[in-house]
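Q:
Residue numbers (the numbering used here): 2 to 301.
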C-alpha cells in the first residue's frame, strides 16, 4: 500500500550542482521536504555532465526502479540553439532495487542519427506488448530542426533499445509528454511548445490513437511545462503538477476528483516546497520505502 511520495527533480541551471537529480519526499503529496541536505542524490559524470527532467518508473513486479533523464547542461553549455540542434542524442539511465543504492550511470543513444536533441525522456510499461516504451522530444536535421516531435523506442532491460520511431507529430512543437493510467485508459499530457500551453489527450492503448480531452481546463493557460500527474493515495483525487517556468516560480498544483473530465482546480496554497523544483516526476511509495529514504539521506 502506498502511503507517501517521492519527487525526483532538478533545480535550475545556475550552478554545476543544480542540473543534477534531487530527491524530495512527502506524506500527503502536497508538502515536500528535500533529502540529502538539499544536495544532489545522483550526479552526471558522462556526456554533458548535467542531467535534467528526471523520470522514475517502478516495474510492474515492484522489484526494480528505472530512472531516465536528459543529457543536458546549460550551465556548462549555455547556448540554447546548440542544445536544440547539436545536443545529445542519448539519455542517462540509473536503476535500483531499493531507491537508495543506485547502479552506475549509463549513457545510451536512443534518438535518430540526425536528431538535434533528446529532451525530457520518460518511460512506461506497455502491458499490451510486455515491454517498456521510452519516449522523448527531438528536432531533426532533415527538416532543418523546424519543430519538436515526440519519438519513442522499446526496451525490456533499459540497455538495448529498438530503433527510434516517430510517436507524436502535430502542427505545433510538442515536448514534455507524460502519462497516467486510470480505468483502463491512458491520459497523456504534453506541452504545446508553440502556444506554450499544456494539452491533455486520452487513448485506449499506448501505441494507438489519442484524442483531445474535451473541456481540459488548462488548455489555454500559458507559461507552464514539465507536467507530472499522480493519484493521491487512498482518495479518488489526482494532482497535476506544472512547472511555472515563464514566471520562474517552479511547480504549481492543480487537482481533480474526475480525471476523465480534465477539469482541474488550482491548489497552489496547499502545495509547499522548500525551494523551486524544476521538471521532474512524482511517484507513490510505501511507508517502508519512505522510511528507508529518510534513514539513508535525512531531510532538510
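We treat Cβ as the ideally placed atom computed from N, Cα and C, and that holds for glycine. Keep in mind it's a predicted model, so treat the numbers as computed, not measured.
Locate the alpha helix (DSSP H) running through residue 84, then write down its first and last residues.
A: 81 to 86
Q: For the alpha helix (DSSP H) holding residue 295, just list the boundary residues, first then last.
A: 288 to 298
Q: For a test of the three-state rule: what should DSSP assign to residue 5, helix, strand or coil?
A: strand
Q: According to DSSP, is residue 39 part of a helix, a strand, or is it coil?
A: helix
Q: Name the two residues that bound the continuous beta strand (DSSP E) containing residue 139.
A: 132 to 139
Q: Buried or exposed: which applies to residue 135, given that a residue is buried once 16 or more other Cβ atoms fall within 10 Å of its Cβ?
A: buried
Q: Which value, in whole angstroms, describes the spacing of the CA atoms of residue 97 and residue 293?
A: 13 Å
Q: With distances taken Cα to Cα, identify the nearest neighbour of residue 185 among 127, 274, 147 and 233.
A: 127
Q: Quick one: give me the first and last residue of the beta strand (DSSP E) that residue 220 is part of.
A: Element bounds for residue 220: n/a, residue is neither H nor E.
Q: For residue 10, count neighbouring C-beta atoms within 10 Å of its own C-beta (all shown protein chains included) and say buried if the count is 16 or more, exposed if not.
A: Classification for residue 10: buried.
Q: What residues in its chain sit with their C-beta under 7 Å from that of residue 286, if we drop five residues either side in the sequence?
A: 3, 5, 6 and 7
Q: Excluding the 5 residues flanking residue 143 on each side, which residues of the same chain have their C-beta closer than 6 Å to its C-beta?
A: Taking residue 143 as the centre and dropping the five residues before and after it, the same chain places the C-beta of 115 closer than 6 Å to its C-beta, in chain order.
Q: What residues are listed by DSSP as bridge partners for residue 243?
A: 253
Q: Give the list of continuous alpha helix (DSSP H) stretches no shorter than 4 residues that lie fully inside the segment 51 to 133.
A: 81 to 86
Q: Mind checking which residues open and close the beta strand (DSSP E) that includes residue 228?
A: 226 to 232
Q: Roughly how many angstroms lie between the CA atoms of residue 78 and residue 57, to the nearest whole one?
A: Near 25 Å, if we compare the C-alpha coordinates of residue 57 and residue 78.
Q: Measuring CA to CA, which of 87, 189 and 148 is closest to residue 171?
A: Checked all of 87, 189 and 148; the closest Cα to residue 171 is 148.
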